[in-house]
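There are 2 protein chains.
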Amino acid sequence: MTAATIDVVGIGNAIVDVIAHSDDAFLAQQGLNKGGMALVDTARAEALYAVMGPGIEASGGSAGNTMAGIASLGGTGAYIGKVRNDELGDVFRHDMTAIGVRFTTAPAMSGPPTARCLILVTPDAQRTMNTFLGACVDLGPEDVDAELIAAAQVTYLEGYLFDPPRAKEAFRKAAKLAHDAGRRVSLSLSDPFCVGRYRAEFRDLVANHVDVLFANESEICSLYETDFDAALAQVRGHCDIAALTRSEKGSVVVTRDHTHVIDAARVDKVVDTTGAGDLYASGFLFGLTHGHDLPTCGKLGSLCAAEAINHFGARPETPLKTLAAKAGLL
Amino acid sequence: MTAATIDVVGIGNAIVDVIAHSDDAFLAQQGLNKGGMALVDTARAEALYAVMGPGIEASGGSAGNTMAGIASLGGTGAYIGKVRNDELGDVFRHDMTAIGVRFTTAPAMSGPPTARCLILVTPDAQRTMNTFLGACVDLGPEDVDAELIAAAQVTYLEGYLFDPPRAKEAFRKAAKLAHDAGRRVSLSLSDPFCVGRYRAEFRDLVANHVDVLFANESEICSLYETDFDAALAQVRGHCDIAALTRSEKGSVVVTRDHTHVIDAARVDKVVDTTGAGDLYASGFLFGLTHGHDLPTCGKLGSLCAAEAINHFGARPETPLKTLAAKAGLL
Chain A
7 MTAATIDVVG IGNAIVDVIA HSDDAFLAQQ GLNKGGMALV DTARAEALYA VMGPGIEASG
67 GSAGNTMAGI ASLGGTGAYI GKVRNDELGD VFRHDMTAIG VRFTTAPAMS GPPTARCLIL
127 VTPDAQRTMN TFLGACVDLG PEDVDAELIA AAQVTYLEGY LFDPPRAKEA FRKAAKLAHD
187 AGRRVSLSLS DPFCVGRYRA EFRDLVANHV DVLFANESEI CSLYETDFDA ALAQVRGHCD
247 IAALTRSEKG SVVVTRDHTH VIDAARVDKV VDTTGAGDLY ASGFLFGLTH GHDLPTCGKL
307 GSLCAAEAIN HFGARPETPL KTLAAKAGLL
Chain B
7 MTAATIDVVG IGNAIVDVIA HSDDAFLAQQ GLNKGGMALV DTARAEALYA VMGPGIEASG
67 GSAGNTMAGI ASLGGTGAYI GKVRNDELGD VFRHDMTAIG VRFTTAPAMS GPPTARCLIL
127 VTPDAQRTMN TFLGACVDLG PEDVDAELIA AAQVTYLEGY LFDPPRAKEA FRKAAKLAHD
187 AGRRVSLSLS DPFCVGRYRA EFRDLVANHV DVLFANESEI CSLYETDFDA ALAQVRGHCD
247 IAALTRSEKG SVVVTRDHTH VIDAARVDKV VDTTGAGDLY ASGFLFGLTH GHDLPTCGKL
307 GSLCAAEAIN HFGARPETPL KTLAAKAGLL
C-alpha cells in the first residue's frame, strides 16, 4: 500500500444553500417538519421560494461542508459531486476549489440545474431544510475516480447520497475501491428521516462496510429503532469507530473496547445550527488522519461544530486551523 | 397632486454581491484600490473570481439595499433595475419582492448575465468592490414607469447609474417625471471615483435637479474638489437637504438655513462596512417620508447604517422597524 497523498475524499450531493430567517408560524403554515430535511420537486421548490423571505446563497451540501472544514483546518481534501454547468454550479465549484479542495467531477451539461437547499432558520437557531436535488441525480459510478479514492486515507460518504437514484452505486463503488486500496470508509447518517427511508441498507452498510460512523442521537436511534444507550451498544459491535453527537451535550466516541465522552465546545451565541454535524465530522476526520487520539478527534469535532453554529451558513467563517491552535488541540 | 401611495421608488444597478474575506496583501497583489468600487469586464471578473476566496452571495446594489432597508423599517417601496432571466436574476428579484418591494422591471432576455459585484472584506471591515455590470447595461428610459414615479413621494437615484450607457437617460427621465408630479428627487453620489468620472454632470444635477442629496465625506469633497467645510458650504446653496455621512463621526444634515450634527449609532463590532451608506439613506428617507424632523431622519440613518455594518453583507439581518422602535425613534 502506497502512502496516502490526500487526507479525505468526500462524496456527496453538491448543493447551494439558500438561507433565510423564518418563524415557527411559517413552518406550520407550509407544513414543514422543523429540524428535518425534506426533498422537494421543482414545483414545490419554486412555490416555497416564492413565499419565503429574502436569503443569502452559500455553497453547502453535507460532505461539501465537511471538506471545506477539513481544508480550513489545513488538511488536504478532494470532493466528488455533481453540479450543472450553470451559475450556481460555478459558485459551488469556485467555493470548493478556492479553499483548496480538489473538485474535478465533470458538470452535467444538460438536465436539471444545480441543486439548491431552501433553509429556513427559526429564532431558536434550528434549521429546516428543503432540498431540490437538481443535477445531483446525474451522479453515478462513472464519476468515482479510482485513483483519487486510493490516494485518500478516508473516503467519506454522506447518507443523503441514497436519495438520488444512481448516487448509491457511486457510493458503493467508492467504498469498495477504498477498502481494496486498504483505506478507511466513513459514513454520516445525515438525517433521521433519511435513515428511515433506507434503514435496511444503512444497517447493512454499518455492519459490513463502514469503519468510521457519524450520527447524531436521533439518527442512531432511528437506525436501530431503539433508545440511545441500546443503539450505542449495537453500533459498538459494528464499526471500528462511531462518533455520536448530542448537540449541547457534546459527543460520545465509541470503539469496540472504549467509550470517550466529549464535551461540547462553548458557543457565545447559537445563530444557525446548519452544518454543525458536517463540521463535527471535519474536525474528527482531520484529527484521525493526522494521528491524534480519539478524545482529541472528538474535541476537534466539537470545536469545528461550535464555529459553524455561531454564524449564518454552514461553512467556516474563521480559519479553523487558527481556532484549533488557540484551543491547544493542534 | 394626488396623495402618494409609495414612500420611495429606487432606481439602480441590480447586482448580486459575492462577498469574501480577503487581506491587504491580496488587494495589493491584485492592484485593487481599497475601499473603492472598480468596474470590471467579463475577463477581469472571471480572473478575479478564480483567485479570490470562497464567498457568499447576497442581493445588493446600492439603491436595492436602500429599498430593502426602507421595507425593513415598514415603509412602502418600489424598485427599477435590470437583471437577466437567469439564476442570479431570479435571486435578486426574489429578495426584493420577498421583503415587499415592488419590482416589475422586465428582465433582459438576452445579452450579458445578471450583474455581480465581487466584494473583498479585509480584517478592518473595509470593503473593496469590483462590479461587473452585466445586464445593467440594458436599463433604459423605457424601463421607467411614469405612474410609479408619480405615485412615490421620493424618487431615489444612485450615482452608479451613470456607468451603464443608457441608464442615465432613465435617471434623467425619472427625475423629470418626479418633479412634474410635484415629488422630490434624491441622489446618492455613490463613490468618490464615480463622482470623478462624471463630476460636471453631477454638479449640474445637484445644482438644478436634486432635492435631497446623500454623500459621504470623500464624495462631497470630490464633487467640489475641495475640503469638507468648503464642500458643505457649497452644497447648502444647491439642495434643499444634504445628508453628509462621516463614518464613525456620524453625519451632518444641511439645509439652506440649518445644520444638524448627528452622532453615529453605537456598533458592538464592525464586521463589514458594505451597505453602510445605502442603509443610512434608508433610515433618512423613511423618516423624511413619514413626517419626522431632520435630526430624527439623521438618527434613523445612523441606526440603519449601524445594523448594516455589524454583519457580513449589506442588507438588514434584524428587522429595522424593531430596532428603531427600541431606540425610541419610531
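Protein sequence lines correspond, in order, to chains A and B. In case it helps, the working numbering puts the first sequence at residues 7 to 336. In case it helps, the working numbering puts the second sequence at residues 7 to 336. Note that CB positions come from ideal geometry on N, CA and C, so glycine has one too.
Would a C-beta distance cut-off of 8 angstroms place residue i and residue j closer than the cut-off?
i, j, result
"Asp343 of chain A", "Asp246 of chain A", "Residue 343 of chain A is absent from the structure shown; chain A starts at 7 and stops at 336."
"Tyr166 of chain B", "Gly18 of chain B", "yes"
"Ala271 of chain B", "Ser224 of chain B", "no"
"Gln159 of chain B", "Val259 of chain B", "no"
"Tyr85 of chain A", "Gly106 of chain A", "no"
"Asp284 of chain B", "Ala320 of chain B", "yes"
"Tyr55 of chain B", "Leu124 of chain B", "yes"
"Gly83 of chain B", "Gly16 of chain B", "yes"
"His244 of chain B", "Val212 of chain B", "yes"
"Asn222 of chain B", "Thr251 of chain B", "yes"
"Gly37 of chain B", "Thr134 of chain B", "no"
"Ser78 of chain B", "Lys327 of chain B", "yes"
"Leu195 of chain B", "Phe234 of chain B", "no"
"Glu93 of chain A", "Leu300 of chain B", "no"
"Asp269 of chain B", "Gly256 of chain B", "yes"
Given residue i, which residues of its chain have a CB within under 6 angstroms of its CB, disregarding the five upstream and five downstream residues?
i, result
"Arg90 of chain B", "Pro113, Ala114, Pro119, Thr120, Ala141"
"Val241 of chain A", "Ala248"
"Ser288 of chain B", "Thr72, Gly75, Ile76, Cys310"
"Phe290 of chain A", "Ala249, Cys303, Gly307"
"Pro198 of chain A", "Ser224, Glu225, Ser228"
"Arg122 of chain A", "Val22, Val24, Phe138"
"Ala173 of chain B", "Leu145, Leu167"
"Thr261 of chain A", "Ile247"
"Tyr230 of chain A", "Ala237, Gln240"
"Ser192 of chain B", "Val160, Tyr162, Val218"
"Leu336 of chain B", "Ala330"
"Tyr204 of chain A", "Phe168"
Under 7 angstroms Cβ to Cβ from residue i, same chain only, skipping five residues before and after it: list those, please.
i, result
"Asp101 of chain A", "Ser65"
"Val277 of chain A", "Ala131, Ile315, Asn316, His317, Phe318"
"Asp149 of chain B", "Ile86, Lys88, Thr111, Ala176"
"Gly293 of chain A", "Thr302, Cys303, Leu306"
"Lys275 of chain A", "Asn316"
"Phe98 of chain B", "Ala20, Val22, Ser65, Val89, Thr120"
Less than 8 angstroms between the CB atoms is what I'm expecting for residue i and residue j, so what's the real figure, rounded?
i, j, result
"Thr232 of chain B", "Gly81 of chain B", "Incorrect: roughly 35 angstroms between the Cβ atoms, too far for contact."
"Gly67 of chain A", "Ile21 of chain A", "4 angstroms"
"Ser28 of chain B", "Thr128 of chain B", "6 angstroms"
"Ile62 of chain B", "Glu313 of chain A", "So it is not a contact: roughly 15 angstroms between Cβ atoms."
"Asn136 of chain A", "Ala31 of chain A", "In fact, because the Cβ distance is near 17 angstroms, the residues do not count as touching under 8 angstroms."
"Ala181 of chain B", "His215 of chain B", "5 angstroms"
Could you tell me which residues DSSP pairs with residue i in its beta bridges?
i, result
"Met43 of chain A", "A:Met135"
"Arg190 of chain B", "B:Val160"
"Asn222 of chain A", "A:Thr251"
"Val22 of chain A", "A:Ser65, A:Arg122"
"Tyr1 of chain B", "Since the displayed chain B opens at 7 and closes at 336, residue 1 of chain B lies outside it and no answer follows."
"Val267 of chain B", "B:Val258"
"Arg205 of chain B", "Answer is none; Arg205 of chain B lacks a bridge partner."
"His27 of chain A", "A:Val127"
"Ala114 of chain A", "A:Arg90"
Who are the Cβ neighbours of residue i in its own chain at under 8 angstroms, not counting the five residues just before and after it?
i, result
"Leu183 of chain B", "Val150, Ala152, Ile155, Ala156, Thr161"
"Glu207 of chain A", "Phe168, Lys174"
"Gly117 of chain A", "Arg90, Ala141, Val143, Asp144"
"Pro325 of chain A", "Ser78"
Is residue i near the ligand NAD, going by C-beta to nearest heavy atom under 7 angstroms?
i, result
"Thr328 of chain B", "Judged by which ligands are present, the structure shown has none, so any question about the ligand NAD falls away."
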